[in-house]
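Q: If you read the sequence shown in the numbering used here, its first letter stands for residue 2, the second for the next number, and so on. Note that the Cβ used here is the ideal one computed from N, Cα and C, for glycine as well. The following block contains the structure, expressed as structure tokens.
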Amino acid sequence: MNDKKLFLNLLALITVVIWSATFISSKILLNTFTPLEVMFYRFVIAYFLLLIIHPKFHKIDSLKEELMFLLSGIAGGSLYFLTENSAVKISQVSNVGLIVATAPIITALLAHFFTKNEKLNKNLFLGFVIAISGVILVMFNGSFMLKLNPIGDILALCAAVSWSVYSIITKKLGSKYNPLYLTRKIFFYALLTMIPFLFTSEFNFDISKLLTFEIMSNLLFLGIVASSICYVMWNFTVNKLGVVKTNNYIYLIPAITLILSVTILHEKITLYSGIGALLIFLGVYVSENGLNFNIFSNNRNSIQEKTLGA
């Protein structure tokens, strides 16, 4: 793995580690705010930060391209978060987590038909089977009681599909625009499409709720780090590394969340969840490399080739 590819994989890994940590901040904020309020505040913070960092605007080239920005704002912003949060409300968290974890394979299927250089292969399917088996073990933790809730499960599937659509569109737009501008404009349309929901009972602006260190620090973490920085890194990585390879890292979120819950919240890891986490990491590796585990041998061959080439 060359330095550039290693750097891009590291960016994707850092992003999913941070996204895995957001459950702590979200858990704290949801004691005070509704899911819609949390989503709106974090996107407002993210948008204005990116506007300060990159205030440049581009003229609209075409209606088709502007519609792509609008769709990416809906798919990766308002629709994704609203469907996922709504699914969690009416279905089991384990169900939702499992269904949303199918986003990488859905992305791979869409990319096969809608992009030029992202084709399906047997490693992707094998890695999916291994990783999703690990997700099942982590989510259900040995209690294999899958209670179907059609509405909630369909909403969770909509969240997975919407994220996949977002990834495909940002891949297409990323080759043309700076990732800072790209992400900022996506957030603009995400906020714009949230406006109708701000007039519902799910949103109630109360500034007194914001004026505490705990609330503001967690909102800033979600807005600045998890949204502004991570979305920019993710969009950049999707463009450079590829939409399928980047999205494979989403499989890691349940495993990393498990590790963080053990290290930060001091929750106990079980045999099932431990095996599940290992399977997830294995699945991600197999998706990229297949069943070739001769890592050190490959490195030696690479070094020998470079030596002979010199």
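1) Just to confirm my understanding: we take residue 101, look at its own chain, exclude 5 residues before and 5 after, and list those with CB closer than 6 Å. What are they?
2) Please confirm whether residue 99 has its beta-carbon closer than 8 Å to some beta-carbon of chain D.
3) Please confirm if the stretch 173–181 is in contact with the stretch 235–247, defined as three or more CB-CB distances below 8 Å between the two stretches.
4) Going by CA-CA distance only, name the one from 49, 70 and 50 that's closest to residue 59.
5) If I'm right that residue 277 touches residue 138 with Cβ under 8 Å, what's the distance once you round it to whole angstroms?
6) Only counting the same chain, and skipping five residues up and downstream in sequence, which positions put a Cβ closer than 7 Å to that of residue 184?
7) Comparing alpha-carbon positions, which option in 259, 203 and 118 lies nearest residue 36?
8) For residue 56, which of helix, strand or coil comes out of DSSP?
9) Apart from the five residues just before and just after residue 309, which ones in its own chain have a Cβ nearer than 7 Å to its Cβ?
10) With distances taken Cα to Cα, identify the nearest neighbour of residue 108 among 275, 249 and 259.
11) Looking only at its chain, what residues have a beta carbon closer than 6 Å to the beta carbon of residue 164, apart from the 5 residues adjacent to it on each side?
12) Would you report the Cα separation of residue 292 and residue 245, rounded to the nearest angstrom?
13) Assuming residue 153 and residue 209 are in contact, meaning their beta carbons sit under 8 Å apart, how far apart are those beta carbons, in whole angstroms?
14) Just to confirm, is the Cβ distance from residue 222 to residue 48 under 8 Å?
15) Since residue 16 is in the alpha helix (DSSP H), which residue starts that stretch and which ends it?
16) When you compare only the Cα positions, how much space is there between residue 46 and residue 55?
17) Round the Cβ separation of residue 227 and residue 44 to the nearest angstrom and send it over; I've been treating them as touching at under 8 Å.
18) Measuring alpha carbon to alpha carbon, tell me which residue in 217, 130, 74 and 195 is nearest residue 167.
19) What is the rounded straight-line gap between the Cα of residue 38 and the Cα of residue 205?
20) Roughly how many whole angstroms lie between the Cα atoms of residue 171 and residue 186?
21) Looking at C-alpha atoms only, which residue of 20, 27, 263 and 79 is the closest neighbour of residue 195?
22) Among 255, 267 and 272, whose alpha-carbon lies nearest the alpha-carbon of residue 23?
23) Can you list the beta strand (DSSP E) stretches of 3 or more residues lying completely in the stretch 55–129, in chain order?
24) Entirely within the stretch 171–249 and at least 3 residues each: give me those beta strand (DSSP E) ranges in chain order.
25) In chain order, what residues of the same chain have a beta carbon less than 6 Å from the beta carbon of residue 297, not counting five sequence neighbours either side?
26) If contacts are defined as beta-carbon pairs under 8 Å, then residue 252 and residue 136 qualify, I think. What distance do you get, rounded to the angstrom?
27) Give the single residue among 62, 114, 279 and 84 whose Cα lies nearest to the Cα of residue 198.
28) Does the separation of the CB atoms of residue 287 and residue 128 fall below 8 Å?
29) Quick check on residue 269: does DSSP put it in helix, strand or coil?
30) Between which two residues does the alpha helix (DSSP H) holding residue 264 run?
31) Please classify residue 163: does DSSP put it in a helix, a strand, or coil?
A: In short:
1) Residue mapping note: residue 101 aligns to position 100 of the sequence shown, counting from 1. 157, 160 and 161.
2) Absent here is chain D; the protein component of the structure consists of one chain.
3) yes
4) For this step, residue 59 is matched to residue 58 along the sequence shown. The residue with the shortest Cα to Cα distance from residue 59 is 70.
5) Position 276 of the sequence shown, counted from the start, is the residue given in the question as residue 277. Position 137 of the sequence shown, counted from the start, is the residue given in the question as residue 138. That pair is a contact at about 3 Å.
6) Residue mapping note: residue 184 aligns to position 183 of the sequence shown, counting from 1. Taken in chain order, the residues that qualify are 51, 232, 233 and 236.
7) To locate residue 36, count along the sequence shown from 1; it is residue 35. With distances taken between Cα atoms, residue 36 lies closest to 203.
8) Within the sequence shown, residue 56 is the residue found at index 55, counting from 1. In the structure shown, residue 56 sits in coil (DSSP, three-state: anything other than H, G, I, E or B).
9) If you number the sequence shown from 1, residue 309 lands on position 308. Low per-residue confidence applies at residue 309: pLDDT is 41, beneath 50, and the placement is therefore not dependable, though the value from the model is reported in the following sentence. The answer is none, since no qualifying residue turns up.
10) For the purposes of this step, residue 108 is taken as the residue at position 107 of the sequence shown. Out of 275, 249 and 259, 249 has the C-alpha closest to the C-alpha of residue 108.
11) Along the sequence shown, read from residue 1 onward, the residue named residue 164 stands at position 163. Around residue 164: 81 and 104.
12) Taking the first residue of the sequence shown as position 1, residue 292 is located at position 291. Taking the first residue of the sequence shown as position 1, residue 245 is located at position 244. So the alpha carbons of these two residues sit roughly 18 Å apart.
13) What you label residue 153 is simply residue 152 of the sequence shown in a count that begins at 1. What you label residue 209 is simply residue 208 of the sequence shown in a count that begins at 1. Residue 153 to residue 209, Cβ: 33 Å. No contact.
14) Here residue 222 refers to the residue found at position 221 when the sequence shown is read from its first residue. Here residue 48 refers to the residue found at position 47 when the sequence shown is read from its first residue. In this structure, residue 48 does not lie closer than 8 Å to residue 222 by Cβ.
15) Residue numbering aside, residue 16 sits at position 15 when the sequence shown is read from its first letter. Residue 16 -> alpha helix (DSSP H) spans 4–30.
16) As a position in the sequence shown, residue 46 is number 45, starting the count at 1. As a position in the sequence shown, residue 55 is number 54, starting the count at 1. So the alpha carbons of these two residues sit roughly 14 Å apart.
17) Numbered from 1 along the sequence shown, position 226 holds the residue referred to as residue 227. Numbered from 1 along the sequence shown, position 43 holds the residue referred to as residue 44. Not quite, the Cβ-Cβ distance comes to about 11 Å (not below 8 Å), so this is no contact.
18) Walking along the sequence shown from the start, residue 167 turns up at place 166. Ranking 217, 130, 74 and 195 by Cα distance to residue 167 puts 74 first.
19) Here residue 38 is taken as the residue at index 37 of the sequence shown, counted from 1. Here residue 205 is taken as the residue at index 204 of the sequence shown, counted from 1. Computed Cα separation, rounded: 8 Å.
20) The sequence position of residue 171 within the sequence shown is 170, counting from 1. The sequence position of residue 186 within the sequence shown is 185, counting from 1. Their Cα atoms are separated by approximately 11 Å.
21) Your numbering for residue 195 matches position 194 in the sequence shown. Per the Cα distances, 79.
22) The count along the sequence shown starts at 1 and reaches residue 23 at position 22. Of the candidates 255, 267 and 272, the one whose C-alpha sits nearest the C-alpha of residue 23 is 255.
23) none
24) none
25) As a first step, residue 297 must be located in the sequence shown, where it is residue number 296. Note that residue 297 has pLDDT 46, beneath the 50 cutoff, so the model's placement of it is unreliable and no number is given.
26) For the purposes of this step, residue 252 is taken as the residue at position 251 of the sequence shown. For the purposes of this step, residue 136 is taken as the residue at position 135 of the sequence shown. Contact flag correct, Cβ pair sits at about 7 Å.
27) Residue mapping note: residue 198 aligns to position 197 of the sequence shown, counting from 1. Ranking the options by Cα distance to residue 198, first place goes to 84.
28) Reading the sequence shown from its first residue, position 286 is the one you call residue 287. Reading the sequence shown from its first residue, position 127 is the one you call residue 128. Yes. Within cutoff.
29) In the sequence shown, the residue the question calls residue 269 occupies position 268. The answer is coil: DSSP assigns residue 269 none of H, G, I, E or B.
30) The count along the sequence shown starts at 1 and reaches residue 264 at position 263. It spans 253–264 - the alpha helix (DSSP H) in which residue 264 sits, taken as one unbroken run.
31) Counting from 1 along the sequence shown, the entry for residue 163 is found at position 162. DSSP places residue 163 in helix when its eight states are reduced to three.
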